[in-house]
Every structure is written in structure tokens, then in C-alpha cells.
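Chains A and B, in that order, are what the protein sequence lines are. First residue of the first sequence: 1, per the working numbering; consecutive thereafter. First residue of the second sequence: 141, per the working numbering; consecutive thereafter. Backbone N, C-alpha and C define an ideal beta-carbon position, used for all residues, glycine too.
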Amino acid sequence: MKTPREILFQKHRATEDKLNAMRKEVLMTELPPAEKAHLTLFNSLHQLWIHLFQPSRRIWAGLAAVWLVILAANVVTQEETSSNYVSVPAQKQGPELHMALQEQRELVAELIHGPGREEADRPHYVPRPSSRRSPETRCA
Amino acid sequence: MADQTTAIVVKARAGDAAAWDQLFRRYQLPLYSYVYELVRHEQESLDIVQETFINAVRHLGSLRDDQKFGSWLFGIAHQKCVQLWRRQNRRRLFEEPQEEEAIEQEASFDGDPSELLLRKEQEEQFLQLLEQLEPPHRAVLLLHFIEEFSLEQIAEITGTNAGTVKSRMHYAKRALRKLLEKEQ
């Protein structure tokens with residue numbers, strides 16, 4: 001024996017698949033887009049964090065620290081370079097200007113190539129052929 | 141059950157998709173059963189249920205009492221059925237019946253719907269009885285049996301007053317009683 005409610009539900013149970021599809025469609029289209037976008041973005045970032053960053057947190061932290069040091073050094077260097085350019089007065093002419101420009105060149109070269117550039121600028125000793133090995137004595 | 145639904149409605153207000161899914165799962169079959177028995181067309185019934193769900197999502201803010209979510213949802217569906225009838229020029233079907241019997245002495249809205257049991261051979265006749273009833277009486281009987289709504293809730297859903305609901309329920313149950321007595 002069944003209640004009227006059960007009889008009615010039994011009669012319409014066959015339509016449940018269509019009702020399920022309709023329900024899902026309504027939820028997909030009617031939830032606020034911002035809510036869905038927020039959830040999607042959040043889920044993506046969360047997945048990225050779990051799979052990429054969390055297993056190697058120390059390595060990523062070390063890399064970040066190195067990049068910070070490089071960035072800071074770059075900023076300091078740029079400040080020094082720009083300050084050097086600014087400190088050269090435009091009114092200086094003649095030898096003083098030439099010396100200032102020379103100093104700047106040396107400084108830039110040092111930054112680019114590192115310290116010890118003066119040695120590189122010095123002429124290297126090029127060994128010359130030995131006088132004992134003159135063509136006349138070689139043949140002998 | 142009502143407390144559980146209320147808690148889910150609270151989450152749905154916050155935009156919780158899982159909560160909305162729970163609510164729709166809970167009401168989709170009862171709602172469809174009600175609408176179909178009024179409209180008698182599968183595709184139109186599905187469309188009405190879909191539009192009801194869409195309205196619920198868009199206008200949940202207009203619901204003041206979370207405990208009344210079920211009756212609120214059925215009220216939306218009922219209005220859409222009436223609109224469909226108007227479009228189909230079937231408005232006369234939902235007007236007040238010609239004869240309304242006095243119910244002062246016999247007014248009986250008592251009886252637990254879940255206690256009424258029908259034998260298998262009575263099931264088909266019950267469904268035929270529903271088909272034969274005028275839509276106003278049919279709607280009241282359906283709301284009474286499907287969701288066990290109270291007199292006041294049915295009045296809100298159908299946009300009438302408690303006295304009218306009592307009258308229609310009396311007429312419908314009398315017909316049902318005749319059916320059951322006939323089989324015995």
C-alpha cells in the first residue's frame with residue numbers, strides 16, 4: 001500500500017534524469033559569475049601552490065632570496081652610476097672633464113668586467129724569439 | 141527536516157552552490173509532480189520547474205523567513221502555472237467552481253496525509269480522480285498530499301484565503317472518500 005505522495009512520485013520518477021540535467025544547467029548559469037570566477041581562480045592558485053610550491057618551499061625561498069639580493073645590488077649599482085654621472089659638472093671643460101670621463105669609463109669597465117681590469121689593460125708580455133735561435137745559428 | 145532545510149537556505153543565501161544543489165534535489169521531484177498534475181504537459185512542466193529554480197536563485201533575497209522556503213518555491217511554481225493557463229486562454233479553468241457547499245459544520249482539514257494508504261488497485265483510480273478534479277481543487281489536494289502543507293501555507297501558495305482552501309479541500313476529499321468507499 002502506498003500513500004498518495006508515493007504514488008505521484010512513482011508516476012514521475014522516470015523524468016528524474018531530465019530534472020537532474022535541468023538542475024545542473026540552472027546552477028551553472030545562475031550562480032553569480034564573479035562567484036564562479038573567484039572560485040575558479042582560487043582553486044587554480046590553490047592547486048598550483050599544492051603541486052608546485054609546497055613540496056619545495058625551501059628551494060623556492062632560497063631562489064627568491066638570491067633574486068632579492070641581485071635586485072638590491074642592481075638598484076644600488078644603478079644609483080651609484082647615476083650619481084657619478086650627475087656629479088660631473090657640465091661646466092667642467094678641458095682636462096678636468098677628460099679626467100672625469102676617464103674615471104667613469106674605468107668605473108663602468110670595472111662593473112662590467114669585475115675588478116682587476118687594470119691588469120687586463122696593461123700590455124701583456126709577448127715572448128719574443130730567443131736571440132740564441134737566430135736564423136744564422138739555427139742552421140749550424 | 142525543516143531545521144535542516146533552513147540551515148541549507150542560509151548557506152544558499154551566501155551563494156553556496158552545493159547548498160543550492162541540495163535544495164533543488166530536495167524539491168525537484170515534488171515540484172515537478174505538482175506542476176505536471178496541474179499542467180498535464182511534460183515539457184511545459186519541466187520549463188516551469190526550471191523557471192521556478194531560476195527565480196529562486198535570483199530572488200532569494202525577497203524571502204523573509206527561511207523556514208518558508210518550500211512554500212515560497214511552490215508559490216512561484218503555482219503562479220507560473222496560472223500564467224501558462226492565461227496564455228493558453230484557459231483562465232476559466234482556474235476560476236472559482238460554480239457550487240461551493242457550506243462547510244461550517246463539516247470543515248475538516250484534519251488527517252495526516254501520510255496515514256492515507258491506497259491499495260495497488262486504487263492507485264490508478266486515485267490518479268484518474270486527480271485528473272477529473274477542477275484545477276483549484278486539484279491544486280489544494282496535491283499540496284496537501286505532496287508536501288503536507290498547512291491550511292495557511294496552501295492559502296499563501298495559491299493566493300487565496302483559508303476559507304477558500306477549506307472549501308476546496310472538503311470537496312476534493314469527499315470525492316476521494318467516495319472512491320475509497322466504493323472499493324471497499
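Pairwise C-alpha distance: V26 of chain A and Q207 of chain B: Each residue's alpha carbon lies about 23 Å from the other.
Cβ-based contacts, 9 Å cut-off: residues of the segment 157-168 of chain B near chain A: Only those residues of the segment 157-168 of chain B whose C-beta falls short of 9 Å from the nearest C-beta of chain A are listed: A157, W160, D161, F164, R165, Q168.
R259 of chain B to K24 of chain A span [Cα, whole Å]: The straight-line gap separating the alpha-carbon atoms of R259 of chain B and K24 of chain A is approximately 36 Å.
Residue environment, L257 of chain B, which counts as buried when at least 16 other CB atoms sit within 10 Å: It is exposed - the Cβ of L257 of chain B has fewer than 16 other Cβ atoms within 10 Å.
Integer-rounded CB distance, given that L200 of chain B should sit under 8 Å from R153 of chain B: Their Cβ separation, rounded to whole angstroms, is 6 Å, which keeps R153 of chain B and L200 of chain B in contact under 8 Å.
A196 of chain B, buried or exposed, once every other Cβ within 10 Å from all chains shown has been counted against 16: Answer is buried; the Cβ neighbour count reaches 16.
Meets three-Cβ-pair contact criterion under 8 Å: the segment 260-268 of chain B and the segment 182-197 of chain B: Three or more Cβ pairs closer than 8 Å define a contact, and the segment 260-268 of chain B falls short of that threshold against the segment 182-197 of chain B.
For L213 of chain B, the three-state DSSP class (helix, strand or coil): L213 of chain B falls in the helix class under three-state DSSP.
Closer than 8 Å to chain A by CB, Q207 of chain B: For Q207 of chain B, the answer is no, since every Cβ of chain A falls outside 8 Å of its Cβ.
Same chain only: Cβ atoms within 7 Å of E106 of chain A, ignoring 5 sequence neighbours per side: The answer is none, since no qualifying residue turns up.
At least 3 beta-carbon pairs within less than 8 Å: the segment 207-217 of chain B vs the segment 285-296 of chain B: The answer is yes - the segment 285-296 of chain B touches the segment 207-217 of chain B, with three or more Cβ pairs under 8 Å.
Chain A contact for Q272 of chain B (CB, 8 Å cutoff): So no, Q272 of chain B is outside the interface.
Between the CA atoms of A302 of chain B and E288 of chain B - distance to the nearest angstrom: Going by the C-alpha atoms only, they are around 15 Å apart.
Chain A contact for S173 of chain B (CB, 8 Å cutoff): Taking 8 Å as the CB threshold, S173 of chain B lines the interface with chain A.
Chain A contact for Q219 of chain B (CB, 8 Å cutoff): Q219 of chain B does not count as touching chain A.
Contacting positions in the segment 303-320 of chain B - beta carbon closer than 7 Å to chain A: Answer in chain order: no residues at all.
First and last residue of the uninterrupted alpha helix (DSSP H) at W49 of chain A: According to the DSSP assignment, W49 of chain A belongs to no alpha helix (DSSP H), since it is labelled neither H nor E.
Residue range of the alpha helix (DSSP H) that includes T192 of chain B: DSSP places T192 of chain B inside the alpha helix (DSSP H), whose first and last residues are 182-199.
Where L68 of chain A falls: helix, strand or coil (DSSP): In the structure shown, L68 of chain A sits in a helix (DSSP, three-state: H, G or I).
L257 of chain B, DSSP secondary structure in three states: Assigned with DSSP and collapsed to three states, L257 of chain B falls in coil, not helix or strand.
R204 of chain B versus B:T300, B:Q265, B:V150, B:E271, residue with shortest Cα-Cα distance: Among B:T300, B:Q265, B:V150, B:E271, the Cα nearest to that of R204 of chain B belongs to B:V150.
Neighbour list for V76 of chain A in chain B, Cβ cutoff strictly below 9 Å: Near V76 of chain A there are no residues of chain B at all, since even the closest Cβ is about 49 Å away, more than 9 Å.
Near the ligand COA: R226 of chain B beta-carbon under 7 Å from a heavy atom: Ligands displayed in this structure: none; no statement on the ligand COA is therefore possible.
Inter-residue Cα distance where the pair is V76 of chain A and A109 of chain A: Taking the Cα positions, V76 of chain A is about 17 Å away from A109 of chain A.
8 Å contact criterion, which L319 of chain B and E16 of chain A should meet: CB distance rounded: Contact flag wrong, Cβ pair sits at about 28 Å.
Check whether R278 of chain B and E177 of chain B have beta carbons under 8 Å apart: Yes, these two residues count as a Cβ contact at 8 Å.
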